[in-house]
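Q: Below you'll find the structure I mean.
There are 2 protein chains.
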Amino acid sequence: MSSTSGADDPSAAGHILWRVPGEPTRGPRRALTLDEVAWAAVGVADRDGLAGLSMQRVAAEVGLTKMALYRYVAGKDELEAVMIDAAVEEPPGPETLTGTWREQAEEFARMVSDVWTRHPWLPWAAVGERVMGPREVGWVEAATRIFEPLGLAADERMDAVTMLFGHLRTTLATASAGTRPWTADPAGGSTMRDLVAAHADRYPALTAVMADPGRPVSSRWEFGLGCLLDGFESAARRRETGR
Amino acid sequence: MSSTSGADDPSAAGHILWRVPGEPTRGPRRALTLDEVAWAAVGVADRDGLAGLSMQRVAAEVGLTKMALYRYVAGKDELEAVMIDAAVEEPPGPETLTGTWREQAEEFARMVSDVWTRHPWLPWAAVGERVMGPREVGWVEAATRIFEPLGLAADERMDAVTMLFGHLRTTLATASAGTRPWTADPAGGSTMRDLVAAHADRYPALTAVMADPGRPVSSRWEFGLGCLLDGFESAARRRETGR
DNA sequence: CATTAACTGTGTCCTGCGGACACTGTGTAC
DNA sequence: GTACACAGTGTCCGCAGGACACAGTTAATG
Chain L
19 MSSTSGADDP SAAGHILWRV PGEPTRGPRR ALTLDEVAWA AVGVADRDGL AGLSMQRVAA
79 EVGLTKMALY RYVAGKDELE AVMIDAAVEE PPGPETLTGT WREQAEEFAR MVSDVWTRHP
139 WLPWAAVGER VMGPREVGWV EAATRIFEPL GLAADERMDA VTMLFGHLRT TLATASAGTR
199 PWTADPAGGS TMRDLVAAHA DRYPALTAVM ADPGRPVSSR WEFGLGCLLD GFESAARRRE
259 TGR
Chain D
19 MSSTSGADDP SAAGHILWRV PGEPTRGPRR ALTLDEVAWA AVGVADRDGL AGLSMQRVAA
79 EVGLTKMALY RYVAGKDELE AVMIDAAVEE PPGPETLTGT WREQAEEFAR MVSDVWTRHP
139 WLPWAAVGER VMGPREVGWV EAATRIFEPL GLAADERMDA VTMLFGHLRT TLATASAGTR
199 PWTADPAGGS TMRDLVAAHA DRYPALTAVM ADPGRPVSSR WEFGLGCLLD GFESAARRRE
259 TGR
């Protein structure tokens, strides 16, 4: 029923993200802003990962009791929602991305990569049922704009956006999760290389692939991005030439 | 120091997956096999998701005490590793996939999609630091084989495999996580559609896209897969024609 | 100016989690 | 028969998220 904090709205967790603050008139001043709480949580996650994030930890970070956090946030889910929307920062506006759609897509990928590298927990925090924040939606909006000149159908354009984010998530996550240069996917396996080496007879194709030293981690997603954009291009071409 | 259970090997969690059982000589019979425990856990996850998986729950399912499970498995991580390798089932052998590499890739994607649809928690359980099981590696091996005739470099071939799994994970996860037909990515947002509709002025590109009804969930990954394979093809062609 | 109501932060308590550890019971090898 | 290796149980601990009642603080209202 309150008009301000929003931590007591039962309709949907995370709506603080979309509501204007609306300062309260009576009562003591808050010791912190929602943003300060969010960034404290981001700091914790940056250091100890999402697994190391707890109400206690964040509360201690900002010098409050655990329960005081619930004045800012309805629960841990909402805290995560808030910290995600803080960590992604402002999405690029229409004036920022210039050049061909391909150049824009590459620049965009670099931007996402920057943010997700600064906050390695981010690509994994954003999965599952959750309310998106305005900045987060802004990134999707920006990605959608890029593919507009391509002439894809609406649902295909959306799929392209999904795939772009998915690709970055996949590659950045495997890159940040340890020192291993690539390691494949349904795993992220910590020692897939060793396992394959120990059972070379069972996995000949992988053994062959593993012989190659591989590229540096920093440029891991570039080849894949090129493939992806090529694929979009050929899909658009196929669409123009009457399927 | 034991020669059998493997739950006390300090070197790496999950090595039960790669060790031959080796029946013990003395002591009472085990009430269950490791496989029975694994499948019970799979059943729990199928019903209540990964979040609903706890030692208690699994123990109750098989009629044991929580602590008795630790005779089969070193900890929850190892339990997850075991249940993942059980749930993925046997990967397709070289004789199963036939036709062009493209047909093989499509068939392979269909197979992965089948398994991951049966166990919706699977695509998300497999991320992060974890020891892969033999079957899991087998799937990667199978995927690697598919791209062999394409003439890609070793690291590119590996990237292709990673992207294939990543694409399926992304699309299947967003498809299974609710009724929403697509919803974009850094989110999986539960009501992104509503949010965009409520702030149409802020997200014009997304509003335009949202006007389209979209495809049925069942065929969500097909367009993306086509793009991906097209992209690989053009990368291979670029490679042959001297970059 | 006194009162009242709204608000912030604290302390206590509960449930469920993963897991350590000491224990009882059981079966085989010596 | 006895000793030992093993299976399963019960108790305990720390930590998690969160409900709830409370004390302190501030502004609107009489």
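Quick mapping for you: the protein sequence lines, in order, are chains L and D.
Numbering-wise (this note's numbering), the first sequence opens with residue 19 and increments by one.
Numbering-wise (this note's numbering), the second sequence opens with residue 19 and increments by one.
Built from N, CA and C at the ideal position, the CB exists for glycine as well.
On the premise that Gly-151/D lies in contact with Asp-103/D, defined as a C-beta separation below 8 Å, what is that separation, rounded to the nearest angstrom?
A: Confirmed, Cβ separation roughly 3 Å.
Q: Identify which residue in Pro-138/D, Ala-171/D, Glu-108/D, Gly-117/D has its Cα closest to the Cα of Glu-159/D.
A: The shortest Cα separation from Glu-159/D among Pro-138/D, Ala-171/D, Glu-108/D, Gly-117/D belongs to Glu-108/D.
Q: Just the C-alpha distance for Ala-172/D and Trp-142/L, rounded to the nearest angstrom, thanks.
A: Looking at the two C-alpha atoms, the distance is approximately 27 Å.
Q: Output the boundary residues of the alpha helix (DSSP H) element that contains Leu-246/D.
A: Here the alpha helix (DSSP H) through Leu-246/D covers 238-258.
Q: Can you name, in chain order, every residue of its own chain whose Cβ lies under 8 Å from the Cβ of Ser-131/D, other than the five neighbours on each side?
A: The answer, listed in chain order, is Leu-186, Leu-190, Trp-239.
Q: Express the C-alpha separation of Asp-230/D and Arg-263/D in angstroms, rounding to a whole number.
A: Within the shown structure, residues of chain D are numbered from 19 to 261, placing residue 263/D beyond reach of any answer.
Q: Counting only beta-carbon atoms, is Thr-188/D nearer than 8 Å to chain L?
A: Chain L contact via Cβ: present.
Q: Closer than 8 Å, CB to CB, is Glu-108/L near chain D or not?
A: Not one chain D Cβ lies under 8 Å of Glu-108/L.
Q: State yes or no: is the beta carbon of Met-73/D nearer than 8 Å to at least one beta carbon in chain L?
A: No - not a single Cβ of chain L is within 8 Å of the one on Met-73/D.
Q: Using the Cα positions of Asp-26/D and Arg-37/D, report the straight-line distance between them to the nearest angstrom.
A: Note that Asp-26/D scores a pLDDT of 38, beneath 50, so its modelled location is shaky; the value from the coordinates is reported in the next line. Approximately 13 Å, taken between the alpha carbons.
Q: Could you tell me the alpha carbon to alpha carbon distance between Val-91/L and Arg-44/L, rounded to whole angstroms?
A: Rounded to whole angstroms, Val-91/L to Arg-44/L spans 20 Å at the Cα level.
Q: Under 8 Å Cβ-Cβ, which residues of chain L neighbour Phe-126/D?
A: Residues of chain L passing the Cβ test: none, with the nearest at roughly 12 Å.
Q: Which complete alpha helix (DSSP H) runs does the segment 66-94 of chain D hold, if anything under 4 residues is left out?
A: With a minimum length of 4 residues, the continuous alpha helix (DSSP H) runs that stay inside the segment 66-94 of chain D are 73-80.
Q: By the DSSP assignment, the alpha helix (DSSP H) with Arg-142/D in it spans what residues?
A: The residue asked about is misnamed: residue 142/D is Trp in this sequence, not Arg. Segment 140-143, the alpha helix (DSSP H) holding Trp-142/D.
Q: Once DSSP output is grouped into helix, strand and coil, what is the label at Thr-43/D?
A: Correct three-state label for Thr-43/D: coil.
Q: Would you mind sorting Asp-66/D into buried or exposed? The rule is 16 or more other CB atoms within 10 Å of its CB.
A: Under this definition Asp-66/D is an exposed residue.
Q: Out of curiosity, what's the CA-to-CA distance linking Met-73/L and Gly-81/L?
A: Cα to Cα, Met-73/L sits roughly 12 Å from Gly-81/L.
Q: What residues from chain L crowd round Tyr-90/D, counting only those whose CB sits closer than 9 Å?
A: What Tyr-90/D touches in chain L: nothing, since even the nearest Cβ is about 21 Å away.
Q: With the cut-off set at 8 Å, would you say Val-155/D and Leu-213/L are in Cβ contact?
A: Result yes, Cβ atoms of Val-155/D and Leu-213/L sit closer than 8 Å.
Q: Name the residue from Arg-175/L, Gly-117/L, Leu-52/L, Pro-110/L whose alpha carbon lies nearest to the alpha carbon of Arg-153/L.
A: Ranking the options by Cα distance to Arg-153/L, first place goes to Pro-110/L.
Q: Can you tell me the Cα-Cα spacing of Glu-174/L and Phe-250/L, whole angstroms?
A: Taking the straight line from one Cα to the other gives about 9 Å.
Q: Quick one, are the C-beta atoms of Leu-182/D and Ala-161/D less than 8 Å apart?
A: Result yes, Cβ atoms of Leu-182/D and Ala-161/D sit closer than 8 Å.
Q: Does His-185/L have its Cβ less than 8 Å from a Cβ in chain D?
A: Yes, His-185/L counts as interfacial toward chain D.
Q: Hey, how far is the Cα of Glu-258/L from the Cα of Ala-99/D?
A: C-alpha separation (whole angstroms): 47 Å.
Q: Counting contacts by CB-CB distance shorter than 8 Å, is Thr-197/D in contact with chain L?
A: Note that Thr-197/D scores 32 on pLDDT, short of 50, meaning its location in the model is unreliable; the coordinates nonetheless yield the value given after this. Taking Cβ atoms only, chain L never reaches closer than 8 Å to Thr-197/D, which makes this a no.
Q: Grab me the residues of Ala-16/L's own chain with a C-beta within less than 7 Å of its C-beta, minus the 5 sequence neighbours each way, in chain order.
A: With chain L covering 19 to 261 only, the question about residue 16/L has no answer from this structure.
Q: According to the Cβ coordinates, are Val-179/D and Leu-35/D closer than 8 Å?
A: Not closer than 8 Å, so no.
Q: Rounding to the nearest angstrom, what Cα-Cα distance links Ala-69/L and Val-62/L in this structure?
A: About 10 Å.
Q: Identify, in the order they occur along the chain, each residue of the same chain with its Cβ nearer than 7 Å to the Cβ of Ala-86/D, setting aside the five sequence neighbours on each side.
A: Contacts found: Ala-77.
Q: Would you kindly check if the distance between the Cβ of Leu-115/D and the Cβ of Ile-164/D is under 8 Å?
A: In contact: Ile-164/D and Leu-115/D (Cβ atoms closer than 8 Å).
Q: Report the neighbours of Glu-166/L on chain D: residues whose CB is nearer than 7 Å to its CB, in chain order.
A: Those are Ala-223, listed as they occur along chain D.
Q: Could you give the distance in angstroms between the alpha-carbon of Asp-177/D and the alpha-carbon of Cys-245/L?
A: If you take the alpha carbons of Asp-177/D and Cys-245/L, they lie about 10 Å apart.
Q: Of the choices Gly-169/L, Trp-134/L, Tyr-221/L, whose alpha-carbon is the least far from that of Arg-255/L?
A: Comparing Cα-Cα distances from Arg-255/L to each of Gly-169/L, Trp-134/L, Tyr-221/L, the minimum goes to Gly-169/L.
Q: In whole angstroms, what is the alpha-carbon distance linking Trp-134/D and Arg-48/L?
A: Going by the C-alpha atoms only, they are around 47 Å apart.
Q: Let me make sure I understand the geometry here. Which of His-33/L, Arg-136/L, Ala-218/L has the alpha-carbon closest to that of Ala-105/L?
A: When each option's Cα is compared against that of Ala-105/L, the closest is Arg-136/L.
Q: Check distances from the C-beta atoms of the segment 44-72 of chain L to those of chain D and list, in chain order, the residues that come in under 8 Å.
A: The segment 44-72 of chain L vs chain D, Cβ under 8 Å: nothing.
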